[in-house]
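The structure under discussion appears below in the form of structure tokens.
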Amino acid sequence: MERRKKNIAELTRISRAEYRAINKLPLVVVADNVRSMHNIGSLFRTSDAFRVSEIILCGISGCPPHPEISKTALGAEESVSWKHAENTLNAVTELRNQGWKICVLEQTHGSIPLADFNLTQDSGSDSGVEGNVNNKLVLVVGNEVNGVGQEIVDIADYVLEIPQEGTKHSLNVAASAAIAIFHLYTLLKSIED
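Counting from -5, one number per residue, gives the positions in the sequence shown under my numbering.
Laid out in structure tokens, this is it:
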């Protein structure tokens, strides 16, 4: 097996126009008051890599164009669809009313370890959602200090947690979002294929 690193010509991907035209996964990422522009840029770059359909930047979350977002997004802020919403609860409630299932990435009592989450999960919430979930998912990630607002956790269909075994009690929001987006991508991609 050859393991020669790929050169830039071999890594060439589709154009921005082609990317905007391809089908996206039914996955929306919501940033609940994410304060770091670098984290926002990273969300864009990860969302581009895994065909996220849209990013909703809520509250104090920074929006393009911004040099600090561009520094980490590397142009993905121009390929991934996005919008800003003043209020996270209103934005998430609107998505839920449109049939999207709300997945919050947070550490709570009764959360589901991310690796255990699948698309036939019983929500365990008061939403009445049980069994065979549709494949329209929203991933809500939160503020670097306070996490996802409790009012969003309260209405979530699923609360997902990344188990950790080190000395720190949390991961950077961009790192944890990337892990969760990849997991949801693999689940949604398996349905698509």
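Just so you know, even glycine gets a beta-carbon here, dropped at the ideal spot from N, CA and C.
Selected residue, minimal CA-CA separation from residue i, among the options
i, options, result
"E138", "P58, A171 and E62", "A171"
"V134", "R7, A25 and V74", "A25"
"N81", "A15, Y152 and V142", "V142"
"A174", "R90, K162 and I106", "I106"
"E186", "N129, Y13, G56 and L108", "N129"
"V86", "L68, R10, R(-3) and Q144", "Q144"
Start and end residues, beta strand (DSSP E) containing residue i
i, result
"K(-1)", "K(-1) -> no beta strand (DSSP E), and no H or E assigned at all."
"P20", "L19 to D26"
CA-to-CA distance, residue j to residue i, given in whole angstroms
i, j, result
"G35", "G160", "26 Å"
"A79", "L19", "21 Å"
"R45", "S75", "10 Å"
"R7", "R39", "14 Å"
"S64", "Q115", "37 Å"
"A15", "E48", "13 Å"
"L113", "E72", "30 Å"
"W94", "V22", "9 Å"
"P61", "M31", "9 Å"
"S10", "I54", "For the record, residue 10 in the displayed sequence is Arg; it is not Ser. Whole-angstrom Cα-Cα distance: 27 Å."
Where the alpha helix (DSSP H) through residue i begins and ends
i, result
"I50", "Here I50 belongs to no alpha helix (DSSP H); instead the beta strand (DSSP E) covers V46 to C52."
"V134", "V134 -> not in any alpha helix (DSSP H); beta strand (DSSP E) instead, spanning L131 to G136."
Close Cβ partners of residue i (< 6 Å) along its chain, the five nearest in sequence each way excluded
i, result
"A70", "F38, R39 and D42"
"Q101", "E155"
"A3", "none"
Cβ separation of residue i and residue j, assumed to be a contact under 8 Å, to the nearest whole Å
i, j, result
"V132", "V28", "In fact, because the Cβ distance is near 15 Å, the residues do not count as touching under 8 Å."
Own chain partners of residue i with C-beta closer than 7 Å, once the 5 adjacent residues on each side are dropped
i, result
"L178", "L21, L131 and L133"
"T66", "H32, G35, S36 and R39"
Residues near residue i by beta carbon distance below 8 Å, same chain, minus five either side
i, result
"L83", "G143, E145, I146 and I149"
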